[in-house]
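Presented below is the structure to which this report refers.
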Amino acid sequence: MARVLLVQLELPRGLAQEDLEELRFLAESAGAEVAGAIVGRRQKPDAGLFIGRGKAEELRQMVERERIDLVVVNHELSPVQERNLERAISCRVLDRSGLILDIFALRARSHEGKLQVELAQLERLATRLVRGWTHLERQKGGIGLRGPGETQLETDRRLIRDRIRRLGQRLERVRAQRGLRRKTRRKVPIPTVSLVGYTNAGKSSLFNRLTGADVYQADQLFATLDPTMRRLELEGKRDVILADTVGFIRHLPHTLVEAFKSTLEEVAQADLLVHVVDASNPEHQELMQQVEQVLDEIGARDLPTLVVFNKIDLLDEAPRLERDGHGRIRKVWLSAHTGAGVDLLRQALAEHFRGRRLFRSLSLPPQAGRLHARIHQRCEVIREQASAAGGWLMDLSLDDDELHWLEQQEEFREEYLVGTAGTELATAVP
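Written out as structure tokens, the structure is:
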């Protein structure tokens, strides 16, 4: 395990600064051994070294004394600051964004995830090539030494640009494929519910508890990168597609947001967001705001949202539902670890989608038997009885998508809809 030293600079309020404990958790999630931390204070970052010359000298001595392999700075460093600091302390330096990228590279499992991480890494590397090849930066002349007219640095930049372009094209094809899969799913009237939240809030644990899946879960940051989807059956023969997505974090690097856009589109296209919050974290209100900022960035801020306060087994809290002034469920308190309150979440999901439902009466002739069977597979049938003509009289509970699906069926005729379902079954006969 690499021995890592953490560096935190306390800045005046208004300048971005992160929690040192979260950086420690990030480093441990990357497989490092945290040997210590240095905290400094400045009115503004030093233009050359970020932490200033005095603190850099203190850092150099600690690196030498503790035999540190890597210094991680809990801020965003410019390429110049990163390079100058490495020279001053004679040790490799990584900033917060670089550490997050490394964790993403470690967790990526699918082909798409690996492409997304590589793209983000190359876009970051492209800004950090300055003086990377100082021993080859001059073009050599003379007999037998005349090259193609490029320095090594220019060659590397060109190769990186070409690779970034190819990765972008491949990811664009992946994005198109995801769009086609979403379009196909829309043909079947099943709404999508996306689990979102700060990393390590317990989304994968809750996903496994609800669906019986075996998605990787661990007490780590960014344990899940690739979205996983499973069908979840709710009360009243109402199914939804539940999606487990990548967790968010403070100031998620912009390159990651761009690279993972095709993945994050699954969130933006959802019918309902379930915002999972670690209720045991004393800073959970601030973390909720960070998640909302990322949702705003990907165009998902205005989607209907149900807030789930998880990990109540670590608190003195009981499972419960909280409703707003209109009687709609807005918050659920539960524990994905013990299962307490998970049934309340199922109730909340069923109630949410039931609230948008339409009630229609349908009269089918005997020759519409296949349509009758498909309606039972796809829709919620409240009541049914045989008609005098040997067909079926049905009261259905539908949403807009299901009604659209029904109207698109080849066997469907407009006269089959005989009105709004009431307390009595329709008596019309086709």
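For what it's worth, our numbering labels the leading residue of the sequence shown as 5, then goes sequentially. Positions of the beta carbon are idealized from the N, C-alpha and C atoms, including for glycine. All of these numbers come straight from a predicted model, not from anything done at the bench.
Identify whether residue i lies in helix, strand or coil by the three-state DSSP scheme.
i, result
"I302", "coil"
"E321", "coil"
"N204", "coil"
"F29", "helix"
"I333", "strand"
"L276", "strand"
"F416", "coil"
"S401", "strand"
"E406", "helix"
"I253", "coil"
"D23", "coil"
"T232", "strand"
"R3", "Beyond the ends of the chain as shown, which are 5 and 434, falls residue 3; an answer cannot be given."
"V212", "The question names Val, but residue 212 is Asn in the sequence shown. Three-state result, N212: helix."
"Q12", "strand"
"E411", "helix"
"I316", "helix"
"L123", "helix"
"I42", "strand"
"L74", "strand"
"R327", "strand"
"E237", "strand"
"E80", "coil"
"E287", "coil"
"L149", "Confidence at L149 is low in this model, with a pLDDT of 47, below 50, so its placement is unreliable and no value can be given for it."
Under 8 Å by Cβ, that's how I've got residue i and residue j pegged, so tell me the actual separation to the nearest angstrom.
i, j, result
"M398", "L366", "5 Å"
"R71", "R7", "6 Å"
"F357", "D282", "Contact doesn't hold; Cβ gap of about 26 Å is too wide."
"I93", "V75", "7 Å"
"N314", "L210", "6 Å"
Taking 7 Å as the limit between beta carbons, can you name the residues of its chain near residue i, skipping five residues before and five after?
i, result
"G331", "none"
"R170", "none"
"L375", "L368, Q413, E415, F416"
"N285", "L291"
In its own chain, which residues sit with a C-beta less than 6 Å from the C-beta of residue i, not counting the 5 before and 5 after it?
i, result
"K59", "G44"
"L27", "L10, N78"
"Q12", "L24, V43, N78"
"G303", "A272"
"R135", "Legend: pLDDT at R135 = 47, less than 50; position of this residue unreliable, value from coordinates given subsequently. Hits under 6 Å: none found."
"D73", "A6, R7"
Run through the DSSP bridge pairs and tell me what residue i is partnered with.
i, result
"E37", "R7"
"M292", "M292 is not bridged to any residue."
"R174", "Its beta-bridge partners do not exist; DSSP assigns none."
"W396", "L368, A390"
"S198", "A247, L277"
"T309", "L277"
"D50", "F54"
"G423", "S365"
"D282", "N314"
"R96", "L74"
In chain order, what residues of the same chain have a beta carbon less than 8 Å from the beta carbon of residue i, not counting five sequence neighbours either side?
i, result
"G343", "R213"
"N88", "G52, L53"
"V67", "L9, V75, I93, S94, C95"
"I55", "V11, L13, G44, R46, P49, L63, V77, L89"
### Query
Is the segment 195-212 touching the segment 235-253, taking contact as three or more C-beta pairs under 8 Å?
The segment 195-212 vs the segment 235-253: in contact.
### Task
Determine, using beta-carbon pairs with one atom in the segment 118-130 and one in the segment 49-57, whether at least three such pairs fall under 8 Å.
The segment 118-130 is not in contact with the segment 49-57.
### Query
Would you call the segment 386-398 and the segment 366-376 touching, i.e. three or more CB-CB distances under 8 Å?
Enough Cβ pairs lie closer than 8 Å, so yes.
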